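These notes are about the structure you will find just below.
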Amino acid sequence: MIKSLSSLFSPSSIAVIGASRTPGKVGRDILVNLKKGGFAGPIVPVNREAKRILGFRAYPSLSAYGKPVDLCIIAVPRSSVTAAVEDALEVGVGAFIVISAGFKETDQEGRKIEENLVDICSARNVRVLGPNCLGLINTGHAMNASFAGPMPQAGVISVISQSGAICTALLDLAAARGIGFSKVVSMGNKADISEVDLLAYLADDPETRVIVGYLEDIVSGDAFISAAEAASTKKPVVMLKAGTTEAGKKAATSHTGVLAGTEVAYGAAFIRSGIIRADHFEDILDYAVAFSTQPIPAGKRVLIVTNAGGPGAMAADAVENAGLSVARLDTATVASLRERLPRAASASNPVDVLGDADPARYASAIEAAQKDPSVDAIVVILTPQAMTKPRETALAIAGSITREKPVLAAFMGGKDVLPARRELLNAGLPDYGAPERAVSSLAAMCGYGQWKRRPLRVVTRFPVNRRRVERILGRHLRSGRFQVGDAKAKEILAAYGFAIPKGVLSQSRAEAVEAAEVIGFPVVMKVVSGDIVHKSDLGAVKLGIATRQEARDAYDLMMLRMRELAPNAVIDGIHVEQMIPQGLEVIIGMSRDPHFGPMLMFGLGGIFVEVMKDVTFYLAPITHAEAVQMLKNTRSYAVLSGARGRPPVDLDALATCLQRISQLSKEFPRILEIDINPLIVGRVGTEPVVADARMRLAGPEDRP
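The number in the working numbering is simply the position in the sequence shown, starting from 1, with 2 added.
Below, the structure is given as structure tokens:
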């Protein structure tokens with residue numbers, strides 16, 4: 003796959019079909035960019051009428067040129083694209099860039115033409131970028147095969163984007179900030195070459211140190227995660243994801259299904275594969291510059307050096323809000339700073355070197371901080387005051403760093419700090435206009451470092467009773483029932499090692515009373531019906547039944563309510579069940595994403611899930627460490643670990659439950675949703691117990 007892209011990125015010759023003599027035409031702009039960019043190989047304009055364009059000899063067709071070309075760029079109307087491609091294939095071409103628009107993004111006819119185009123090229127083992135794209139830039143090959151602006155300066159950052167407009171905006175922003183690129187690729191419709199191909203290629207590209215991108219969708223969830231994880235292992239990958247929708251929630255019947263969505267799925271996929279998520283457009287370059295110039299921090303402890311208290315406080319807030327920590331300096335470092343700094347300066351963190359700080363004072367503070375083993379990263383803030391020398395300070399900072407720990411600058415201001423920004427750029431030090439931006443970039447670096455240091459993924463496979471699950475699901479599917487109620491869902495979970503309360507299905511009042519006596523009071527009674535999903539809403543659940551008479555009354559009342567509130571529902575009976583001892587209520591579940599597969603969910607029950615939506619998601623399969631991390635990722639983790647004198651719950655047992663759901667989800671793809679709500683969790687050494695559960699199976703409407 004990677005080898006087949008060499009004609010795209012490093013062609014020895016290029017043809018432009020649709021080259022134009024008219025200024026403003028796409029075919030002319032591409033030819034201009036190729037010429038001005040300095041492409042060294044033959045450039046072949048194809049135009050039916052012109053003899054020469056921009057000094058190049060033009061041909062009416064590529065077959066008239068008669069020689070093979072490595073890369074063919076097509077910029078003709080949709081109706082002419084297929085013929086142009088077929089003509090080029092007869093001569094011999096290594097790859098196509100189809101600039102032309104009007105394909106699947108327009109109508110069904112365009113979709114058919116696009117699919118046919120890919121089929122024709124695939125038969126010849128020729129790759130296609132686009133259609134409906136901006137083109138491609140490779141600064142290392144002096145090739146601007148796009149209709150973007152001038153060739154950017156060379157750099158180590160490569161861009162892949164589903165939007166050509168995002169490419170041009172990044173190019174313009176980078177030019178203003180003095181940032182260079184290695185490669186810029188506009189994917190367009192991704193009819194053939196997609197982010198999966200490009201991640202694989204750029205992961206092994208020696209000229210690319212950081213990959214950044216903009217995505218609206220992906221072509222294959224599994225292939226994307228595999229390619230992204232492989233790339234992230236070698237170099238940072240920063241992605242901005244847009245275009246998420248609420249589609250997929252419409253059929254959801256469980257808490258997990260309702261809370262899960264396209265946005266959540268992409269977030270889970272990015273976490274799994276080590277992709278750094280950019281939440282805003284400016285984050286793309288902010289993060290890329292930090293990654294391309296600074297070492298990855300060994301931890302999350304940040305030192306702040308500032309010449310003003312307010313910005314230092316802003317940075318400290320940003321550090322804590324980003325999940326990092328304000329470093330506690332060693333006593334030796336504090337003593338050293340007190341010797342170097344004026345008496346009025348602060349030698350604690352943030353280190354305030356005062357408003358009259360000269361360049362040497364900044365350098366002294368940074369030199370002392372870099373030696374402190376309790377400091378993992380440094381943020382340097384400068385505000386332009388009357389006695390400040392921004393440019394000289396930038397030079398002093400650059401001269402004082404060892405490159406062993408990341409140093410990020412936040413030179414606040416405008417005109418007065420412009421010369422300093424240029425010096426920082428020349429020295430390979432990232433500079434941001436505000437402390438929050440610097441800290442955000444540092445947080446991205448810390449997150450990536452943590453992912454890189456993750457333990458080897460070992461997914462546990464538990465001994466389970468798959469045949470029991472197959473029988474239950476088989477009976478449901480044969481009878482056309484796609485909702486699995488509490489009783490049968492618990493049987494499935496029991497087959498996968500979950501603890502469930504003792505229970506008996508009763509089909510008369512007498513059977514219910516007898517079951518309650520056998521199980522032992524108090525008991526719970528629940529209506530069993532595949533037609534009723536949310537039982538509590540209809541009064542189909544009764545807790546704390548303590549006597550024979552209460553059991554009789556509960557049975558009669560529930561059956562009466564079902565006749566009134568759900569007259570068309572098929573009632574299989576009433577399940578009489580052992581009352582579970584009190585404990586902490588949590589919810590765990592699974593929702594199957596159409597692209598990425600099963601997403602596991604965890605959260606506390608009650609208000610935490612209903613109102614606060616304090617839940618976390620992770621893609622299956624998961625390791626034990628990842629399951630524990632899911633618990634830690636909730637805001638309410640303190641409740642689990644024993645807040646306010648409350649005994650901690652058995653976190654390992656809870657993590658094991660998530661692993662068991664993970665295995666069940668992977669082994670039975672017909673299960674679309676699982677909802678265990680609540681799962682009762684007790685103290686360390688006790689086994690979590692399933693209080694209520696339900697599942698949804700794939701029906702005819704769910705099949706692709």
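Cβ atoms here follow ideal geometry from the backbone N, Cα and C, with glycine treated the same way. As the structure is a prediction and not an experimental result, all values here were calculated from the model.
| query | result |
| --- | --- |
| So, Q296 versus M389, is the Cβ gap smaller than 8 Å? | no |
| By Cβ distance, which residues of its chain are closer than 7 Å to P524, with the 5 residues on each side in sequence left out? | G546, I547, A548 and M581 |
| Just mark A49 as buried or exposed, buried being the case when its beta carbon has 16 or more other beta carbons within 10 Å. | Checking the sequence, you will find Asn at residue 49 rather than Ala. With 16 or more Cβ atoms within 10 Å of its Cβ, N49 is classed as buried. |
| How long is the line joining the alpha carbons of K252 and T141, rounded to whole angstroms? | Confidence in K252 is poor, its pLDDT being 46 and thus under 50, which makes the residue's placement too unreliable to answer from. |
| Applying the criterion that 16 or more other CB atoms from any shown protein chain within 10 Å of the CB defines a buried residue, is G430 buried or exposed? | exposed |
| Ignore the nearest five residues each way along the sequence and tell me which others in A445's own chain have a CB closer than 7 Å to its CB. | A324, G325 and L326 |
| Apply the 10 Å Cβ neighbour rule to L567 and answer buried if 16 or more other Cβ atoms are within range, or exposed otherwise. | exposed |
| Alpha carbon to alpha carbon, how far is V304 from V471? | 51 Å |
| In angstroms, rounded to a whole number, what distance separates the CA positions of S256 and R274? | Low confidence applies to S256: its pLDDT is 46, below 50, so where it sits in the model is not reliable enough to give any reading. |
| What number of angstroms, rounded off, separates the C-alpha of E579 from the C-alpha of K544? | 10 Å |
| Can you give me the start and stop residues for the alpha helix (DSSP H) that I273 sits inside? | T264 to S275 |
| Is the separation between the beta-carbon of M697 and that of V486 shorter than 8 Å? | yes |
| Given a cut-off of 8 Å, decide if V382 and Y364 are closer than it, judged by their beta-carbon atoms. | yes |
| Mind pulling the beta strand (DSSP E) runs of 3 or more residues that sit fully within the region 384 to 455? | 409 to 413 |
| Three-state secondary structure (DSSP) at M189? | coil |
| Curious, which full-length beta strand (DSSP E) runs of at least 3 residues does the region 97 to 151 contain? | 129 to 131, 137 to 140 and 145 to 148 |
| Can you name, in chain order, every residue of its own chain whose Cβ lies under 6 Å from the Cβ of A440, other than the five neighbours on each side? | V381, L410, A412 and Y434 |
| Please report the distance separating the alpha-carbon of I621 from that of A320. | According to the sequence displayed, residue 621 carries Leu and not Ile. Spanning the two alpha carbons is a distance of roughly 29 Å. |
| Return the chain-ordered list of same chain residues with a C-beta closer than 8 Å to the C-beta of K38, the five sequence neighbours on each side being excluded. | N146, P152 and M153 |
| Looking only at its chain, what residues have a beta carbon closer than 6 Å to the beta carbon of S22, apart from the 5 residues adjacent to it on each side? | G29 and R30 |
| Short of 7 Å in beta carbon distance, which residues of its chain neighbour V78, apart from the five on each side in sequence? Order them along the chain. | I19, G20, A86 and S102 |
| If you draw a straight line from the C-alpha of I678 to the C-alpha of I298, how long is it? | 40 Å |
| Quick check: what's the CA-CA separation for L562 versus R480? | 30 Å |
| State whether the region 496 to 504 contacts the region 550 to 558, with contact taken as three or more CB pairs (one from each stretch) at a distance under 8 Å. | no |
| On a CA-only basis, which of M592, K237 and A347 is nearest S294? Give me that one, please. | K237 |
| Rounded C-beta distance between L242 and Q164? I'm assuming under 8 Å. | Contact flag wrong, Cβ pair sits at about 10 Å. |
| Do F183 and I139 have their C-beta atoms closer together than 8 Å? | yes |
| Of all the options R637, P650 and D654, which has the alpha carbon lying nearest to the alpha carbon of H626? | D654 |
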